[in-house]
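Colleague:
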Amino acid sequence: MTINGWIQILLYCGILVLLVKPLGGYMHRVFTGDRSLLSPVLGPVERGLYRLAGTGDQEQHWTGYAAAMLLFNLAGFLALYFLQRLQGGLPYNPAGMSAVEPGLAFNTAASFMTNTNWQNYGGESTMSYLVQMAGLTVQNFLSAATGIAIAMALIRGFASASGKSIGNFWVDMTRATLYVLLPLCVVLTLVYVWLGMPQTLGAYVGATTLEGAQQTIAVGPVASQIAIKMLGTNGGGFFNANAAHPFENPDAISNLIQMLSMFAIGAALTNVFGRMVGNQRQGWAILAAMGALFIAGVAVCYWAEAAGNPLVHALGIEGGNMEGKETRFGIALSALFAVITTAASCGAVNAMHDSFTALGGMIPLINMQLGEVIVGGVGAGFYGILMFILIAVFVAGLMVGRTPEYLGKKIEAKEVKMAMLAILCLPLAMLTFTAIAVVLPSAVASIANGGPHGFSEILYAYTSAAANNGSAFGGLTGNTPWYNITLGLGMLMGRFLVIIPALAIAGSLAAKKTVSASAGTFPTDGPLFVGLLVGVIVIVGGLTFFPALAVGPIVEHLAAIHGQTF
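Just so we're aligned, residue -16 is where the sequence shown starts under the numbering used here, counting upward by one.
(1) If you follow the beta strand (DSSP E) that Thr325 is in, where does it begin and where does it stop?
(2) Count Cβ pairs between the segment 331 to 338 and the segment 372 to 379 that sit closer than 8 Å; are there 3 or more?
(3) Distance, Cα to Cα, Ala127 vs Ile211?
(4) What are the boundary residues of the beta strand (DSSP E) that Ile200 is part of?
(5) Is the distance from the Cβ of Ile468 to the Cβ of Met401 below 9 Å?
(6) So the candidates are Leu239, Ile248, Val176; which of them puts its Cα closest to the Cα of Phe230?
(7) If we ignore side chains and look at the alpha-carbon of each, how far apart do Ala117 and Lys495 end up?
(8) What is the DSSP secondary structure of Ala379, counted as helix, strand or coil?
(9) Compare the C-alpha of Arg478 against each of Arg258, Glu355, Met180 and name the closest.
(10) Using 8 Å as the cut-off, can you tell me whether the segment 423 to 431 makes contact with the segment 448 to 455, which would need three or more C-beta pairs spanning the two stretches below that distance?
(11) Do Val281 and Phe405 count as a contact pair if the criterion is CB distance below 9 Å?
(12) So which of Glu42, Ala201, Ala132, Thr15 has the shortest CA-CA distance to Ala78?
(13) Buried or exposed: Leu35, going by 16 or more other Cβ atoms within 10 Å of its Cβ?
(14) To test your reading of the DSSP string, which unbroken alpha helix (DSSP H) runs of 4 or more residues are found completely within the segment 253 to 309?
(15) Output the boundary residues of the alpha helix (DSSP H) element that contains Gly461.
(16) What span of residues does the beta strand (DSSP E) with Ala553 cover, start to end?
(17) How far does the alpha helix (DSSP H) with Asn(-13) in it extend, from its first residue to its last?
(18) Which term fits Pro14, buried or exposed, when burial requires 16 or more other beta carbons within 10 angstroms of its beta carbon?
(19) What separation, rounded to the nearest whole angstrom, lies between the Cα atoms of Ala226 and Asn432?
(20) Does the segment 86 to 98 come close enough to the segment 63 to 70 that 3 or more CB-CB pairs lie under 8 Å?
(21) Under 8 Å, with one C-beta from each stretch per pair, do the segment -2 to 18 and the segment 244 to 251 reach the 3-pair mark?
(22) Could you give the DSSP three-state label for Tyr175: helix, strand or coil?
(23) Measuring alpha carbon to alpha carbon, tell me which of Leu511, Met474, Ala444 ends up nearest Thr460.
(24) Jot down the residue ranges of each uninterrupted alpha helix (DSSP H) in the segment 42 to 105, minimum 4 residues, whole runs only, in chain order.
(25) Skipping 5 residues on each side, what residues in its chain have a beta carbon closer than 8 Å to that of Thr183?
(26) Distance check for Pro347 and Gln115, CA to CA, integer angstroms please.
(27) Is Ser501 helix, strand or coil by DSSP?
(28) Looking at C-beta atoms only, is the number of pairs between the segment 136 to 151 and the segment 37 to 46 that lie closer than 8 Å three or more?
(29) Following the continuous alpha helix (DSSP H) through Leu423, name the residue where it begins and the one where it ends.
(30) If you drop the 5 nearest sequence neighbours on each side, which residues of the same chain put their C-beta closer than 8 Å to that of Ile394?
(31) Measuring CB to CB, does Ala190 end up less than 9 Å from Gln197?
(32) List the endpoints of the continuous alpha helix (DSSP H) containing His436.
(33) Suppose you measure from the CA of Leu294 to the CA of Gln102; what does that come to, to the nearest Å?
(34) Roughly how many whole angstroms lie between the Cα atoms of Val519 and Glu398?
(35) Report, in whole angstroms, the separation of the C-beta atoms of Tyr104 and Asn76, which I expect to be a contact under 8 Å.
(36) Give me the Cα-Cα distance between Gly173 and Ala396, rounded to the nearest whole angstrom.
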């Protein structure tokens, strides 16, 4: 590790913290219906969309909110599936891409609808411009807006003094897209074009190499997709190399912007929460817990990659681990990007995670297995950490013998059960499918490495799918019937088996009256609560996943120290 590397990491953290309050304040005005900077322009558009769609702005019970969300996402899934299946006969297909086969189309539709963006294909060799734009990019917006909407519904559950409604899904979805995602993406797209990303509907470009060979250079509407890919924590690459491709991530400036984009909305939602419950310190406490886990992950990952591989050192070659990394980013920014993308439920990569050291690759795996609550995906990370907050205050209540409270709301058995259901659905999907895959010959045949690392490739795939992340240990060949179907099912479980309990909790809390704090109320805006929350997240995650982790990265690291390979 170097001082220069840590300066880059701390600079990133400083800029991110500076963005939290202004972006949080803007989003608060948007979702409370107050006048914002863009209201004069977008207000008439918003009202026109409601009239066109036939939806009103009346408040919804949590069951109505959930039904609207599920039906909307089902429609998006079907639209994307059939776009892929009909691709060969649709326009804006200059490379003549054929129809996507059914299993891969199912996997991709589930992936982009759930904000996972796992890709069992190469973007430039599989998807036409039309599918990239009207299918994948549209779902990038809508899946991100869905996550923000669910977060806002849960926040209203805590902020409501007494009532049964948690907002209106159509209003939240529209405002998230129209006022937040679209304006920011327009600005980001223009910046990316300025930095050198392609944005064209023209055909692929032919070139003659220095050796005289002919080469086809894939281009397309790249910049606009990268903008929402990062801001919406989607992660699906226009190109197979994702953010390691120079057309997706040309230089250090674009790399910094993309890293900030991944965390910007998720971090700002903590400030929105604080504003809506009337105490911004509550939001800062949650962000502090996220920040502590994030810095710990960056430190371990950066140290492991900078220390290098003991097996390589035994050959007399010193230095950090540069395998699978872009020289224009180096070890520090590659490690930082890896931790951000797996903490943010994004899945974009600027380095090959499969080439990280055993402990370096373990940190992205842990980030996802904790439910990606370290800032997390847009909205998804915030409602995820609120589940852990309910468990934390429940534990605090047990220790002092009082009924747990959070922000004046009594936390009772129903809320705790729903929170545990949301938390435990992730290991259910991750570990069950992994256990089956490691004994299924056709599934084992897809791994590139034997021993602990091969196990980690499979575990990483199902962890990434259920956590709705989308990154991968690239050694696994995922485009097979088994992985296409089971990874798709894991994505659906990880998305909706968390959202439904979260909405049920929102409805339950909204119906409860707020009680005043007393002398025995546990303060939830100070360092003691931050430490308790971090401890609960680590302990719950550790008890759930440590046996699986020990078989993979930890064993591989110990073997490397003793000079053994698999």
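The beta-carbon is built from N, C-alpha and C at its ideal position, and this holds for glycine as well.
Please read these numbers as outputs of a predicted model, since none were measured by experiment.
Modeller: According to the structure data:
(1) Not the beta strand (DSSP E): Thr325 falls in the alpha helix (DSSP H), residues 313 to 326.
(2) no
(3) 9 Å
(4) 197 to 200
(5) no
(6) Val176
(7) 42 Å
(8) helix
(9) Glu355
(10) no
(11) First, the residue type needs correcting, since residue 405 is Ala and not Phe in the sequence shown. Cβ atoms of Ala405 and Val281: not closer than 9 Å.
(12) Ala201
(13) exposed
(14) 263 to 290, 293 to 296
(15) Counting along the chain, Gly461 falls outside any alpha helix (DSSP H), and DSSP gives it neither H nor E.
(16) Lying outside -16 to 549, the shown extent of the chain, residue 553 is not represented and no answer is given.
(17) -14 to 14
(18) Correcting the residue identity first, residue 14 is Phe in this sequence and not Pro. Buried: at least 16 other Cβ atoms inside 10 Å.
(19) 24 Å
(20) yes
(21) yes
(22) helix
(23) Ala444
(24) 45 to 68, 85 to 96
(25) Val202, Gly203, Pro204
(26) 27 Å
(27) coil
(28) yes
(29) Premise fails: Leu423 is in no alpha helix (DSSP H) and is neither H nor E.
(30) Leu373, Val376, Phe377, Gly380, Thr386, Pro387, Glu388
(31) yes
(32) 434 to 449
(33) 31 Å
(34) 17 Å
(35) Tyr104 to Asn76, Cβ: 15 Å. No contact.
(36) Correcting the residue type first, residue 173 is Leu in the shown sequence and not Gly. Roughly 50 Å between the two C-alpha positions.
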